[in-house]
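To start, the structure itself, in structure tokens.
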Amino acid sequence: MPTIRIFPGDIRAEVPSGANLMKALRDAGVFLDAPCGGHGKCGKCAVTVDGGTVLSCQVSVEADMTVTIPEKSGLNVLRAGIETAAKLNPHREGDLIAIDIGTTSVVCFLLDGQDGRELSSASALNAQTAFGADVISRIRAALSGELKSQRDVIRRQLTGLIAEACRKAGRDPGGIGTVAVVGNPAMQQLFLGISPENLAAVPFDPVLTEAKTVPCGDYLPICENALLLVVPDISGYIGADTMGCVLSTGLYEAEELTLMVDIGTNGEMVLGDRNRMIACSTAAGPALEGANIRFGMRGTDGAIDHVWMEDGALRCSVIGGGEARGICGSGLIDAVAVLLEAGLLNKRGRIQSQTERDGQRVIDLTEKVYLTQDDIRQLQMAKGAICAGVQLLAKQLGCGVEDIKKVLLAGAFGSYMNPDSACRIGLLPEELRGKITAVGNAAGSGAKLLACDRDYLALSQKLKDKIEFLELASLPEFPITLARAMNFREAEKQ
Amino acid sequence: MIDFEKLAEDMGDLNEQAVLSIARRVAEEEPEKTPEVLQALSRGMDIVGKKFDSLEYFVGDLIFAGELFSQALEILRPTFPKPPENVERKKVILATVEGDLHDIGKNIVRLVLQSKGLEVIDMGVDASPAAIVQRTIEEGARIVALSGVLTFAIDSMKRTVEALSAAGIRERVTVVVGGACVNESIAKRLGADAYGKTPEDTASICLAAK
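Take a look at the structure:
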């Protein structure tokens with residue numbers, strides 16, 4: 004059997020002859036980004052083998068090889084959500100764990116069993132990314148025989164994060180009494196080991212419809228003495244994580260009309276107040292997280308994260324302060340806002356400059372980084388979906404977008420993005436300008452509330468029945484609303 | 018005097034106001050001009066297609082063009098030629114296949130077929146092979162037009178063709194397929210009789226079918 008030697012670390016693994024290299028690396032504990040799901044399309048799984056660069060998803064291991072994984076610096080993962088005061092009344096005595104399984108990032112919080120304060124946290128990129136960057140890819144993988152693999156991968160990862168959080172705080176995992184987990188329906192089902200076939204076809208009904216408590220040891224043996232809280236999903240595409248956001252932002256008891264948006268891959272949003280709430284999922288796609296963008300990358304060192312005009316010249320700020328090697332979502336939104344004002348993009352999103360590279364029009368941002376026509380189109384699809392979602396929720400609720408009093412942006416992206424740029428490019432309708440606040444990891448905060456106070460689980464069941472779900476694709480006006488939302492507002496003519 | 022060249026250009030430019038005002042004028046005052054208006058709008062759609070190919074337009078613009086075209090045709094519908102009495106109109110079963118919810122293209126095809134005097138039974142979206150076969154038999158239709166955008170619609174189309182065979186009526190019907198997921202060769206491979214690249218093509222195929 005051939006052996007692969009993996010650097011850094013000189014990890015050695017025996018691999019069956021003919022095995023896929025990316026899979027072999029995964030089995031050895033090395034998880035590479037694969038937004039395209041291992042189809043050789045995105046280039047992000049590139050490694051160095053015996054001196055040459057290859058896409059690991061396209062390589063079979065036939066003989067001994069030395070593989071070097073490119074160095075990656077730390078990712079900026081947002082952890083602190085808004086801290087809502089909760090009374091301490093857990094399901095079971097002991098320390099508390101709150102987990103948010105995001106499609107992209109997973110975070111775990113350890114809270115003190117005596118007073119509920121946060122002791123430590125641990126986070127990582129969701130290791131299931133190896134099966135695909137988005138929910139659909141992972142669902143497909145699960146239905147093609149990889150349910151158990153994905154289940155085991157996430158459980159292994161959560162175990163590691165719990166251990167890390169406990170270590171940091173000097174607490175024993177055996178002393179944990181309650182574990183609350185939130186995630187979107189696919190993430191929940193994969194963690195619990197439930198086949199996601201309900202999520203793969205019309206009518207996309209959820210299966211996790213009942214709030215309940217189960218022995219945590221059956222899922223995460225490291226917390227053998229704890230109860231695991233299973234939080235209900237609202238629909239096939241609106242899950243416990245959105246529920247967590249509703250709980251921690253207090254939207255369910257809001258006096259004013261409030262919009263809560265999680266601008267991530269799935270673009271979930273809830274509009275309403277104490278009387279009525281409607282939710283929808285917009286499938287915005289991963290463009291805002293760097294996928295499918297020529298120089299797209301996540302919010303890490305080297306990423307352009309903000310762009311503006313100064314003295315007639317385009318300026319960029321780069322995470323980590325060095326030379327720009329790519330651009331992340333917040334940078335992309337800023338860049339498009341600037342380009343619109345400069346007249347370099349028309350209202351349909353067509354680049355007006357004639358510079359071409361690799362057969363398409365481009366606009367240079369720095370010496371190395373440029374935006375392509377395709378990049379603009381990807382952004383149009385993402386922002387059009389989110390904007391159309393807001394407009395159609397308002398219509399369903401029977402109000403105008405201008406009647407919305409508060410907009411809460413949940414999730415990492417919402418905290419880094421410039422809200423004025425978002426309104427300028429129409430990611431959020433212009434009527435919302437000035438009403439926007441970032442609330443950080445509201446899903447994680449919701450998980451904390453659920454862990455601290457047993458009443459929240461019962462509340463989540465009530466809300467699951469109360470929150471209405473709007474299936475956007477079934478609305479006759481959806482295509483035209485989406486089409487209009489994909490356009491831009493051109494700069495005022497001087 | 019209607020400037021049909023300008024109408025085609027306005028359609029190509031997605032000028033909603035210009036297109037709909039002509040449609041309303043013709044419907045109310047000059048219904049005999051409807052066929053020429055339809056031709057101009059179709060030329061306009063060709064322009065839209067070319068702009069999409071040259072990357073001036075994007076998917077959102079196509080959707081908008083489709084909606085605009087549909088709206089114009091709906092306004093003109095009362096002026097569509099009525100078939101003479103006692104002549105049975107050719108029936109076309111039209112559907113977006115199982116698992117696919119896209120219908121803008123299908124709706125345009127429906128309107129174009131209706132404008133040419135065909136009777137269209139529109140089964141909507143996510144139509145199962147069994148339902149399509151049953152309706153075809155019930156209506157005694159000789160043409161089945163299938164639409165699909167997503168890749169897995171190809172499989173649904175294939176299964177629909179197989180279902181027609183299993184029901185013993187494959188020989189009697191003409192199957193034409195269209196939509197973003199198919200092309201000439203895919204249409205052949207899945208067992209269809211023809212590929213309708215544009216609504217006009219589909220109309221020609223339906224009119225020529227036995």
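For the record, the sequence lines run as chains A and B.
At position 312 of the first sequence (counting the first as 1) the number is 315 in our numbering, and the numbers step up by one without a gap.
At position 178 of the second sequence (counting the first as 1) the number is 195 in our numbering, and the numbers step up by one without a gap.
Glycine included, each C-beta is placed from N, C-alpha and C at the ideal position.
Source: prediction; values computed, not measured.
On the criterion of 16 or more Cβ atoms from any shown chain inside 10 Å, does residue i qualify as buried, or is it exposed?
| i | result |
| --- | --- |
| G61(B) | buried |
| G329(A) | buried |
| A385(A) | buried |
| H94(A) | buried |
| L485(A) | buried |
| M489(A) | buried |
| A229(A) | buried |
| P206(A) | exposed |
| V217(A) | exposed |
| M312(A) | exposed |
| S182(B) | exposed |
| S20(A) | exposed |
| F416(A) | buried |
| K467(A) | buried |
| P48(B) | exposed |
| D13(A) | exposed |
| S1(A) | This structure leaves residue 1(A) out entirely; chain A is present only between 4 and 497. |
Could you check the C-alpha separation between residue i and residue j for me, to the nearest Å?
| i | j | result |
| --- | --- | --- |
| T191(B) | A204(A) | 29 Å |
| E136(B) | D208(A) | 36 Å |
| V80(A) | Y212(B) | Low confidence applies to V80(A): its pLDDT is 36, below 50, so where it sits in the model is not reliable enough to give any reading. |
| A197(B) | G66(B) | 13 Å |
| R15(A) | Q131(A) | 22 Å |
| Q357(A) | R364(A) | 6 Å |
| I508(A) | S124(A) | The structure shown does not extend to residue 508(A), since chain A spans only 4 to 497, so no value can be given for it. |
| E271(A) | T285(A) | 6 Å |
| D304(A) | F491(A) | 30 Å |
| A2(A) | D423(A) | Look at the range of chain A in this structure, 4 to 497, and you will see that residue 2(A) is not part of it. |
| L114(A) | V185(A) | 16 Å |
| A445(A) | I104(A) | 13 Å |
| V70(A) | I7(A) | 7 Å |
| I222(B) | G302(A) | 53 Å |
| G77(A) | R127(B) | Unreliable placement is indicated for G77(A), whose pLDDT of 34 sits below 50; the coordinate value is still reported in the next sentence. About 55 Å. |
Taking DSSP's pairing of strands, which residues face residue i in a bridge?
| i | result |
| --- | --- |
| I307(A) | V321(A) and I330(A) |
| C283(A) | M272(A) |
| S182(B) | In the DSSP output, where bridge partners are listed per residue, S182(B) has none listed. |
| R364(A) | E359(A) |
| A49(A) | L58(A) |
| G299(A) | I330(A) |
| I179(A) | D98(A) |
| G195(B) | S164(B) |
| R15(A) | R8(A) |
| T375(A) | V365(A) |
Got a sec? Which residues, its chain only, sit under 8 Å from residue i by beta carbon, not counting five neighbours each side?
| i | result |
| --- | --- |
| M300(A) | G293, A306, R328, G329, I330 and C331 |
| F472(A) | I237, S238, I241, I281, A282 and C283 |
| E200(A) | L146 |
CB-CB under 7 Å to residue i, same chain, minus the five flanking residues each way: which ones, in chain order?
| i | result |
| --- | --- |
| L55(B) | S132 |
| L93(B) | A40, V43, A44, T51 and V54 |
| C219(A) | V182, C226, A229, L230 and L231 |
| L317(A) | V310, V341 and L368 |
| Y74(B) | V65 and K68 |
| G208(B) | K175 and V178 |
Just curious, the beta strand (DSSP E) that residue i is in, first and last residue?
| i | result |
| --- | --- |
| L223(A) | Neither: L223(A) is in no beta strand (DSSP E) and is coded neither H nor E. |
| T56(A) | G55 to L58 |
| M272(A) | E271 to G275 |
| R230(A) | Checking the sequence shown, residue 230(A) turns out to be Leu, not Arg. Per DSSP, L230(A) belongs to the beta strand (DSSP E) from L230 to V233. |
| G443(A) | I439 to G443 |
| C169(A) | Careful: C169(A) lies outside any beta strand (DSSP E), inside the alpha helix (DSSP H) at L150 to A172. |
| F207(A) | Counting along the chain, F207(A) falls outside any beta strand (DSSP E), and DSSP gives it neither H nor E. |
| K215(A) | K215 to P218 |
| S108(A) | S108 to L114 |
In its own chain, which residues sit with a C-beta less than 6 Å from the C-beta of residue i, not counting the 5 before and 5 after it?
| i | result |
| --- | --- |
| N234(B) | Outside the modelled stretch of chain B, which goes from 18 to 227, sits residue 234(B), for which no answer is possible. |
| E256(A) | R277 |
| K350(A) | N490, F491 and E493 |
State the start and end residues of the unbroken alpha helix (DSSP H) segment that holds residue i.
| i | result |
| --- | --- |
| V243(B) | The structure shown has nothing for residue 243(B), since chain B only spans 18 to 227. |
| E155(B) | P146 to E156 |
| I72(A) | Careful: I72(A) lies outside any alpha helix (DSSP H) and carries neither H nor E. |
| T219(B) | P216 to A225 |
Would you check whether the ligand FAD has a heavy atom nearer than 7 Å to the C-beta of residue i?
| i | result |
| --- | --- |
| D308(A) | Absence of the ligand FAD is noted for the structure shown, with no ligands found whatsoever. |
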